[in-house]
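Chemist: Residue numbers for the sequence shown follow the working numbering, beginning at 4 and rising by one.
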Amino acid sequence: MNNLPKITLEQWAAFKAVVDEGSFARAAEVLNKSQSTVSYSLAKMEERLPAPVLKISGRKAELTDFGKSMYRQASQLLEQALLLDKVAECHARGWEDEVTIAVDGITPIEQIFCSLQQFSLDNPQTRIRMLETTLSGTDEALLMREADIAITGYVPPGFLAQPYRTINKIAVVSPKHPLMQAPLPVTEQELRRHRQIVIRDSGKKREKDAGWLGSEQRWTVSHFSTSITAIKAGLGFGFVPKEKVLHELERGELVALPVEPGFEREIPLFLVIANQQLAGPATKAVAQSLLDGARKNTYLQHKQAME
Numbered sequence: 004m005n006n007l008p009k010i011t012l013e014q015w016a017a018f019k020a021v022v023d024e025g026s027f028a029r030a031a032e033v034l035n036k037s038q039s040t041v042s043y044s045l046a047k048m049e050e051r052l053p054a055p056v057l058k059i060s061g062r063k064a065e066l067t068d069f070g071k072s073m074y075r076q077a078s079q080l081l082e083q084a085l086l087l088d089k090v091a092e093c094h095a096r097g098w099e100d101e102v103t104i105a106v107d108g109i110t111p112i113e114q115i116f117c118s119l120q121q122f123s124l125d126n127p128q129t130r131i132r133m134l135e136t137t138l139s140g141t142d143e144a145l146l147m148r149e150a151d152i153a154i155t156g157y158v159p160p161g162f163l164a165q166p167y168r169t170i171n172k173i174a175v176v177s178p179k180h181p182l183m184q185a186p187l188p189v190t191e192q193e194l195r196r197h198r199q200i201v202i203r204d205s206g207k208k209r210e211k212d213a214g215w216l217g218s219e220q221r222w223t224v225s226h227f228s229t230s231i232t233a234i235k236a237g238l239g240f241g242f243v244p245k246e247k248v249l250h251e252l253e254r255g256e257l258v259a260l261p262v263e264p265g266f267e268r269e270i271p272l273f274l275v276i277a278n279q280q281l282a283g284p285a286t287k288a289v290a291q292s293l294l295d296g297a298r299k300n301t302y303l304q305h306k307q308a309m310e
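#1: Can you name, in chain order, every residue of its own chain whose Cβ lies under 8 Å from the Cβ of residue 25, other than the five neighbours on each side?
#2: Measure how close the beta-carbons of residue 197 and residue 218 come, nearest whole angstrom, since I'm counting them as under 8 Å.
#3: In angstroms with no decimal places, state the Cα-to-Cα distance between residue 203 and residue 99.
#4: Rounded to whole angstroms, what's the CA-CA distance from residue 9 to residue 52? Just pull it up for me.
#5: Please give the ranges of any alpha helix (DSSP H) in the segment 25–92, keeping only runs that are unbroken, at least 4 residues long and fully inside the region.
#6: Would you decide whether residue 180 is buried or exposed? Buried here means 16 or more other CB atoms lie within 10 Å of its CB.
#7: To the nearest angstrom, how far is the alpha carbon of residue 152 from that of residue 83?
#8: Quick check on the DSSP output: the beta strand (DSSP E) that includes residue 144 runs from which residue to which?
#9: By DSSP's criteria, residue 245 is part of a beta bridge. Which residues make up the other side?
#10: Spatial neighbours of residue 137 within its chain, please: C-beta separation below 7 Å, excluding the five flanking residues on both sides.
#11: Count the other CB atoms, across all protein chains shown, that sit within 10 Å of the CB of residue 247; report buried if there are 16 or more and exposed otherwise.
#12: If you drop the 5 nearest sequence neighbours on each side, which residues of the same chain put their C-beta closer than 6 Å to that of residue 44?
#13: Beta strand (DSSP E) containing residue 101: first to last residue?
#14: Relative to the C-alpha of residue 157, which residue among 282, 272, 287, 276 is closest?
#15: According to the neighbour-count rule (16 or more other Cβ atoms, all chains shown, within 10 Å of its Cβ), is residue 221 buried or exposed?
#16: Report the rounded CA-to-CA distance for residue 207 versus residue 140, giving the unit in angstroms.
#17: With H, G and I counted as helix, E and B as strand and the rest as coil, what does DSSP make of residue 260?
#18: Quick check on residue 230: buried or exposed, where buried means 16 or more other Cβ atoms within 10 Å of its Cβ?
#19: Could you check if residue 4 is buried or exposed, using at least 16 other CB atoms within 10 Å of its CB as the buried criterion?
#20: Please confirm whether residue 40 and residue 56 have their CB atoms less than 9 Å apart.
#21: The alpha helix (DSSP H) with residue 233 in it runs from where to where?
#22: Mapping DSSP to helix, strand and coil, what is residue 181?
#23: For the beta strand (DSSP E) that residue 113 lies in, which residues bound it at each end?
#24: Do residue 172 and residue 243 count as a contact pair if the criterion is CB distance below 9 Å?
#25: Rank 235, 160, 42, 126 by C-alpha distance to the C-alpha of residue 254 and give the top, closest one.
#26: Which stretch, first to last residue, makes up the beta strand (DSSP E) that contains residue 193?
#27: Check each candidate in 282, 226, 262 and name the one with the smallest Cα separation from residue 192.
#28: Ignore the nearest five residues each way along the sequence and tell me which others in residue 185's own chain have a CB closer than 6 Å to its CB.
#29: I'd like to know if the segment 159–167 and the segment 274–288 are in contact, where contact means that at least 3 CB-CB pairs between them fall below 8 Å.
#30: What's the call for residue 259, buried or exposed, on a 16-neighbour Cβ count within 10 Å?
Following this line, the structure appears as structure tokens:
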């Protein structure tokens, strides 16, 4: 039994070029082949197919209905073949199949996605696995070698880090919450009287707390999105990254709560590569994309502030 295809990739490429360029002559130029070679390739291909794929109208080659279906299939086949070539090249130079990034929940995830957009276009064969972690969960991902890269507010001993960006954490509350009736700025004593919505440490040992946790009444959730929903519902107040609630603040669904100095903080984030010496080219490229994206975002924010 012959398991080899009847039509070669070269023949499908010639077919696609003729359709894309509209003529055998232009297709030959694109493929860097003679027109007779392209014509012969198409003729041999049509001999092996059950129906014609092209019909000649004057000097122009047009697709038959069968040809339209074959064109779509051929385009996908050639795209996969080119991708396979690129995968082989990547493997030959040690390019990793997958890069895992541990991202602390305080990080604006939209910026991560924007930073990696060009990388994903240039390297579609490289999978990105993202671990959404909090506090010591990010450290554990590094220490246990579960992540190749981490975005974290704390750099464990023995790891090298590069500054990534700074996060502004502010107190927010529903406009109908009783705290909005308190004398301003709101004091620590007043905050203690109300329920606080906090984020759970995702680490297995859960050894870390972050920020002020003075309220006796406390609800703990796993993600900032959940905490924001709870705060919008009037269930309590919370300290959240300002960028995560910009839309809610603009729409009046949340209000930045004026509090005593010392409560609102700027938190520096760092980019850490788990193993600098063993990091492969894909890991380094992802790290550079993240750093470039953060610098661009900081520049745009600074420019907007100046304007």
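For every residue, glycine included, the Cβ atom is placed at its ideal position computed from N, Cα and C.
Quantities reported herein were computed from a predicted structural model and do not represent experimental measurements.
Modeler: With the structure as the only source:
#1: 63, 64
#2: 6 Å
#3: 32 Å
#4: 9 Å
#5: 27–34, 38–51
#6: buried
#7: 29 Å
#8: No beta strand (DSSP E) holds residue 144; the alpha helix (DSSP H) holding it covers 139–146.
#9: Its beta-bridge partners do not exist; DSSP assigns none.
#10: 107, 108, 202, 203, 204, 205
#11: buried
#12: 14, 17
#13: 101–107
#14: 272
#15: exposed
#16: 7 Å
#17: coil
#18: buried
#19: Residue confidence is low: residue 4 scores 46 on pLDDT, short of 50, so the model does not pin down where it sits. Its coordinate-derived value is still stated next. Flag for residue 4 reads exposed.
#20: no
#21: 227–235
#22: helix
#23: Where residue 113 is concerned, there is no enclosing beta strand (DSSP E), although the alpha helix (DSSP H) it sits in stretches over 112–125.
#24: yes
#25: 235
#26: Not the beta strand (DSSP E): residue 193 falls in the alpha helix (DSSP H), residues 191–194.
#27: 262
#28: 193
#29: yes
#30: exposed
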